[in-house]
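For the sequence shown, our numbering gives the first residue as 130, with consecutive numbering after it. Working notes for the structure below.
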Amino acid sequence: GDMELFTAALKDVADARAGSMTILSRETLLNREHLYKTLSKKGNPRLETLTKILHAVGLRISVRSEATL
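Structure (structure tokens):
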């Protein structure tokens with residue numbers, strides 16, 4: 130439930146998998162500065178942005194019912 134922790138972890142994964150924010154920017158078609166801001170501690174990424182980043186690093190998110198947890 131901690132969005133700051135999630136975005137920090139996603140930034141680490143993106144750095145490791147993409148190699149740099151410049152490469153990630155090219156792969157997601159998002160502005161590099163926007164990526165830095167989005168993946169900062171105070172970033173508040175939109176679902177569309179998250180989806181692009183996750184796709185670029187080979188990950189995805191899913192939604193499932195709490196009843197199945």
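Just so it is clear, CB atoms sit at the ideal spot from N, CA and C, and this is done for glycine as well. None of these values were measured; they are calculated from a predicted model.
The C-beta distance from valine 186 to alanine 143 rounds to 5 angstroms, short enough to meet the 8 angstroms contact threshold.
Excluding sequence positions up to five before and after lysine 181, its CB lies within less than 8 angstroms of the CB of Thr157, Leu158 and Leu159, all in the same chain and listed in chain order. Cβ-Cβ separation between leucine 168 and leucine 139: approximately 6 angstroms, consistent with a contact (criterion under 8 angstroms). No Cβ-Cβ contact shorter than 7 angstroms links serine 154 with arginine 146. Here the C-alpha atom of serine 194 lies approximately 22 angstroms from the C-alpha atom of arginine 175.
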